[in-house]
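Numbering-wise, the sequence shown is residues 106 to 258 according to the working numbering.
Since the structure comes first, as structure tokens, the remarks are kept for the end.
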Amino acid sequence: MKQDRVSARHTDAHRRTRDASQRGAAAIEFAIVLPLLLLVVFGIVELGIALYDKAMITNASREGARAGVVLRNPKPTSQDITNVVLAYCQNYLLTFGTGNTPTVTVPSGVGGTFGTPLTVTVSYQYSGLGLGAMLSAFTGPIVMTATTIMNNE
Numbered sequence: 106m107k108q109d110r111v112s113a114r115h116t117d118a119h120r121r122t123r124d125a126s127q128r129g130a131a132a133i134e135f136a137i138v139l140p141l142l143l144l145v146v147f148g149i150v151e152l153g154i155a156l157y158d159k160a161m162i163t164n165a166s167r168e169g170a171r172a173g174v175v176l177r178n179p180k181p182t183s184q185d186i187t188n189v190v191l192a193y194c195q196n197y198l199l200t201f202g203t204g205n206t207p208t209v210t211v212p213s214g215v216g217g218t219f220g221t222p223l224t225v226t227v228s229y230q231y232s233g234l235g236l237g238a239m240l241s242a243f244t245g246p247i248v249m250t251a252t253t254i255m256n257n258e
């Protein structure tokens, strides 16, 4: 009977030691996996912001082209189209305080006659949050470009 109590105490002590070591192992595993998990999460956020900015410069080029082709007298100038694009980008582009402003070019079709195409190209140097800046250190600046061609009305 006495030996059963000693054996039971020994088993309880062994179980507590094993549980404590398992908690330590779980903490070490979490410490190893946490940086990888955070890298994946921030990578997803960074990719989402990059895709959003690409969609916004595409929309800005469409807005500029649409402003340039509408039937209006007098026809919009290249500067009018550029102002429309820059206003759109200022309202919707996520820049996170960087001074990167899009570059707008209108190579052809300004003030054209009915049916002639108008081309508007918008280029933007993406800097991102943190991963984008680190990636651009290795690959060079990440430049996003969108071109829209519409026929004059």
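Cβ coordinates follow ideal geometry from the N, Cα and C atoms, glycine included.
Opposing strand residues paired with residue i [DSSP bridges]
{"i": "L223", "result": "M255"}
{"i": "M249", "result": "Y229"}
{"i": "V209", "result": "V227"}
Cutoff 7 Å; reference residue i; Cβ partners in own chain excluding five residues on either side
{"i": "F219", "result": "N257 and E258"}
{"i": "L141", "result": "none"}
Cβ shell of residue i (< 8 Å), same chain only, five flanking positions each side left out
{"i": "R171", "result": "M255"}
{"i": "P212", "result": "T224 and T226"}
{"i": "L198", "result": "D158, M161, I162, A165, P207 and Y229"}
{"i": "V150", "result": "L234"}
{"i": "V248", "result": "S228, Y229, Q230 and Y231"}
{"i": "N205", "result": "Y229, Q230, Y231 and S232"}
Residues near residue i by beta carbon distance below 6 Å, same chain, minus five either side
{"i": "A165", "result": "V190, Y193, C194 and V227"}
{"i": "R131", "result": "Checking the sequence, you will find Ala at residue 131 rather than Arg. Nothing meets the Cβ criterion."}
{"i": "G173", "result": "P181, I186 and L223"}
{"i": "T221", "result": "G214 and N257"}
{"i": "T253", "result": "S166, R167, A170 and V225"}
{"i": "S183", "result": "V211 and V215"}
{"i": "S241", "result": "I247"}
{"i": "L176", "result": "E258"}
For residue i, the nearest candidate out of the options (CA to CA)
{"i": "L234", "options": "A155, I137, N188 and F243", "result": "A155"}
{"i": "T210", "options": "G148, A136, T250 and P140", "result": "T250"}
{"i": "G216", "options": "G245, P179 and F135", "result": "P179"}
{"i": "M239", "options": "F147, L139 and R177", "result": "F147"}
{"i": "G153", "options": "I137, L236 and A136", "result": "L236"}
Under the three-state DSSP convention, the category residue i falls into
{"i": "V150", "result": "helix"}
{"i": "G129", "result": "helix"}
{"i": "G177", "result": "The sequence as given places Arg at residue 177; Gly does not occur at that position. DSSP places R177 in coil when its eight states are reduced to three."}
{"i": "F201", "result": "coil"}
{"i": "L234", "result": "coil"}
{"i": "G169", "result": "helix"}
{"i": "T244", "result": "helix"}
{"i": "M215", "result": "Note that residue 215 corresponds to Val in the displayed sequence, not to Met. Three-state DSSP puts V215 in coil, outside helix and strand."}
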